[in-house]
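J.: Under this note's numbering, the residues of the sequence shown are numbered 1 to 259, in order. Even for Gly, the Cβ is constructed at its ideal location relative to N, Cα and C. Values in this document were obtained by computation on a predicted structure and should not be read as measured data.
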Amino acid sequence: MEPILTLDNVGFTYDDMPALKGVSLELHSGEILGILGPNGSGKSTLLKIIDGILLPQEGEVLIKEKPIKNLKRSDLAREVAIVAQETHFRFSFTALEVVLMGRFPHLRGLNFEGERDLEVAHNSLEATHALELAERSIHELSGGERQRVLIARALAQEPEIVLFDEPTSFLDLKFKREIFKLISRLSRDKGLSIVLVSHDIDLAAQYCHRILMLRNGTVYNIGKPGDVITSKNIETVYDCPVLVDINPASGRPRVSLKD
Ligand code: ADP
Ligand code: MG
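#1: If you drop the 5 nearest sequence neighbours on each side, which residues of the same chain put their C-beta closer than 6 Å to that of leucine 186?
#2: Do glutamate 178 and valine 197 have their CB atoms nearer than 8 Å?
#3: Looking at the structure shown, is leucine 212 part of a helix, part of a strand, or coil, going by DSSP?
#4: Taking the alpha carbon of proline 253 as the reference point, which residue from Gly143, Leu212, Phe91, Leu203 has its own alpha carbon closest?
#5: Please state whether DSSP places proline 67 in a helix, a strand or coil.
#6: Please report how far the alpha carbon of alanine 130 lies from the alpha carbon of phenylalanine 12, in whole angstroms.
#7: Can you check DSSP and say which residues form a bridge with leucine 27?
#8: Under the rule that 16 or more other beta-carbon atoms within 10 Å means buried, what is alanine 154, buried or exposed?
#9: Buried or exposed: where does isoleucine 32 fall if 16 or more other Cβ atoms within 10 Å of its Cβ makes it buried?
#10: Could you give the distance in angstroms between the alpha-carbon of glutamate 126 and the alpha-carbon of lysine 232?
#11: Check whether the segment 234–245 and the segment 30–44 touch, using three or more Cβ-Cβ pairs below 8 Å as the test.
#12: Straight-line CA distance for glutamate 140 to valine 98?
#13: Within the same chain, show all residues whose beta-carbon is closer than 7 Å to that of lysine 21, passing over the 5 residues directly before and after it, in chain order.
#14: Can you determine whether any heavy atom of ligand 1 sits closer than 7 Å to the C-beta of alanine 84, and answer yes or no?
#15: Going straight from the alpha carbon of leucine 7 to that of lysine 72, what length do you get?
#16: Could you tell me whether the Cβ atoms of leucine 163 and valine 80 are closer together than 8 Å?
#17: Please name the residue in Tyr220, Thr168, Asp117 whose C-alpha comes closest to that of histidine 207.
#18: How about isoleucine 138 and serine 74: do their beta carbons lie closer than 8 Å?
#19: Could you pull out every unbroken alpha helix (DSSP H) segment of at least 4 residues lying fully inside the segment 91–175, listed in chain order?
#20: Any heavy atom of ligand 1 closer than 7 Å to the Cβ of asparagine 39?
#21: Per DSSP, which one or two residues make a beta bridge with leucine 47?
#22: Can you pull the DSSP bridge partners for arginine 254?
#23: Quick check: is any heavy atom of ligand 2 less than 7 Å from the C-beta of lysine 43?
#24: Pop quiz: glutamate 2 and glutamate 65 are said to be a contact at Cβ under 8 Å. What is the actual Cβ separation, rounded to whole angstroms?
#25: Is the beta carbon of isoleucine 4 sitting closer than 8 Å to the one on serine 41?
#26: Would you give the residue range spanned by the beta strand (DSSP E) that arginine 193 belongs to?
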C-alpha cells in the first residue's frame with residue numbers, strides 16, 4: 001500500500017541556522033509514528049513542515065504521492081491538522097466555537113457555518129469525550145479538558161493525518177493516559193494516521209507503532225519501539241545514563257535514569 005505521507009530528503013534552515021537535514025520517512029495509513037529527541041532537535045520544525053506552515057528549502061513532502069507545495073492551503077487543511085504545542089486565544093471563545101474554527105477549510109467563501117458544520121463539531125467533541133464542555137469558555141478549562149477540545153478542533157477539519165506536538169506535556173498521569181488512549185482510538189477506529197512528538201518516552205513506546213529518533217535535525221533511528229528505544233540509543237541521543245528494561249504490562253521498552 002502506498003504511504004499516506006512521504007518526506008523525501010527534507011532540509012530546513014531558519015535564517016542561517018539549519019534545523020533539519022536529509023529527513024526521509026514514510027507514514028502508513030492508520031499508523032501512529034512517535035517522534036522522540038531532545039530539546040532543539042527539530043521535532044516541532046518537522047511537524048510544521050508536514051502541516052505546510054514552513055516550506056522546506058530542500059527535498060519534498062508528499063501526501064498520497066502529491067507534493068504538498070502544489071496544494072492550496074484549504075486543500076492541505078483537509079488532509080492534515082495539527083494540535084500545536086501552545087495555542088492561545090485572545091477572546092473567551094466557547095469550546096464549541098473553538099471546534100468550529102476547525103471547519104475553516106470546508107467553508108465556502110465568507111459563509112458562516114451550516115448544519116453540517118455544527119454536526120461535525122458535535123461529533124468531534126463527542127469523539128474526544130468533551131461534549132459536556134461545549135458551552136464552557138476555553139479560558140476556564142483544565143489542561144486535560146482544553147487538550148480534548150483542541151483535539152476536537154483538529155478532528156473537525158476532517159483530516160486524514162493528525163499531528164500532535166507534545167500533547168501531554170502539562171498533564172497529570174491520568175490525563176496523559178486519557179490522551180494517549182484517545183490517540184490510539186483515533187488510529188484504530190477512525191483509521192487516522194498520526195505523527196506524535198513527545199517527551200513521555202515510555203508512553204510513546206507503549207502507544208506508538210513506530211518511533212523516529214531525531215538528533216541535531218537528522219534521523220538517528222526509525223523502527224519498532226523495541227528496536228529504537230535501547231539504552232545505547234537513548235544515552236547517545238539524550239546524553240544521559242539510562243537503564244532500559246521491558247514494561248511487563250505492555251511488553252514495550254521502559255526507560256529509567258541510572259542516577
Ligand atoms: P524541538 O521541537 O525539537 O525542541 P525545534 O524544531 O523547535 O526543536 O527547533 C529546532 C532548532 O531550530 C533549534 O535550534 C531552535 O532554536 C531553532 N528554531 C526553532 N524555531 C526557530 C525560529 N522561529 N527561528 C530561528 N530558529 C528557530
Ligand atoms: Mg518543540
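T.: Taking the geometry as given:
#1: Taking the sequence shown and counting its residues from 1, one reaches residue 186 at position 186. Excluding positions up to five away in sequence, the list reads Leu192.
#2: By 1-based counting over the sequence shown, the position of residue 178 is 178. By 1-based counting over the sequence shown, the position of residue 197 is 197. No, these two residues do not count as a Cβ contact at 8 Å.
#3: Residue mapping note: residue 212 aligns to position 212 of the sequence shown, counting from 1. It is a strand residue.
#4: The count along the sequence shown starts at 1 and reaches residue 253 at position 253. Closest option to proline 253, Cα to Cα, is Leu203.
#5: Taking the sequence shown and counting its residues from 1, the one referred to as residue 67 is at position 67. It is a strand residue.
#6: Taking the first residue of the sequence shown as position 1, residue 130 is located at position 130. Taking the first residue of the sequence shown as position 1, residue 12 is located at position 12. Rounded to whole angstroms, alanine 130 to phenylalanine 12 spans 37 Å at the Cα level.
#7: As a working note, residue 27 is residue 27 in the sequence shown. Beta-bridge pairing links leucine 27 to Leu5.
#8: Here residue 154 is taken as the residue at index 154 of the sequence shown, counted from 1. Counting Cβ neighbours within 10 Å, alanine 154 comes out buried, since at least 16 surround it.
#9: Along the sequence shown, one-based indexing puts residue 32 at 32. Counting Cβ neighbours within 10 Å, isoleucine 32 comes out buried, since at least 16 surround it.
#10: Start at 1 with the first residue of the sequence shown, and residue 126 comes out as number 126. Start at 1 with the first residue of the sequence shown, and residue 232 comes out as number 232. Taking the straight line joining both Cα atoms gives about 42 Å.
#11: yes
#12: Locating residue 140 in the sequence shown gives position 140, where the first residue counts as 1. Locating residue 98 in the sequence shown gives position 98, where the first residue counts as 1. About 13 Å.
#13: Within the sequence shown, the letter at position 21 stands for residue 21. Gly11, Gly217, Thr218.
#14: As a position in the sequence shown, residue 84 is number 84, starting the count at 1. Checking the Cβ of alanine 84 against ligand 1 gives no.
#15: For the purposes of this step, residue 7 is identified with residue 7 of the sequence shown, where counting begins at 1. For the purposes of this step, residue 72 is identified with residue 72 of the sequence shown, where counting begins at 1. C-alpha separation (whole angstroms): 19 Å.
#16: Stepping through the sequence shown from its first residue, residue 163 is reached at position 163. Stepping through the sequence shown from its first residue, residue 80 is reached at position 80. In contact: leucine 163 and valine 80 (Cβ atoms closer than 8 Å).
#17: Locating residue 207 in the sequence shown gives position 207, counting from the first residue. Inspection of the sequence shows that residue 207 is occupied by tyrosine rather than by histidine. The candidate whose alpha carbon is nearest that of tyrosine 207 is Thr168.
#18: Numbered from 1 along the sequence shown, position 138 holds the residue referred to as residue 138. Numbered from 1 along the sequence shown, position 74 holds the residue referred to as residue 74. No, they are not a contact pair.
#19: 95–101, 115–127, 143–156
#20: In the sequence shown, the residue the question calls residue 39 occupies position 39. Asparagine 39 Cβ: within cutoff of ligand 1.
#21: Indexing the sequence shown from 1 puts residue 47 at position 47. None, per the DSSP bridge assignment.
#22: Residue mapping note: residue 254 aligns to position 254 of the sequence shown, counting from 1. DSSP lists Asp245 as partners of arginine 254.
#23: One-based indexing of the sequence shown puts residue 43 at position 43. True, at least one ligand heavy atom lies under 7 Å from that Cβ.
#24: As a first step, residue 2 must be located in the sequence shown, where it is residue number 2. As a first step, residue 65 must be located in the sequence shown, where it is residue number 65. Indeed they touch by this definition, with Cβ atoms about 6 Å apart.
#25: Locating residue 4 in the sequence shown gives position 4, where the first residue counts as 1. Locating residue 41 in the sequence shown gives position 41, where the first residue counts as 1. Going by C-beta atoms, isoleucine 4 is not nearer than 8 Å to serine 41.
#26: Working through the sequence shown from its first residue, we reach residue 193 at position 193. The amino acid occupying residue 193 in the given sequence is serine; arginine does not appear at that position. That run of the beta strand (DSSP E) goes 193–197.
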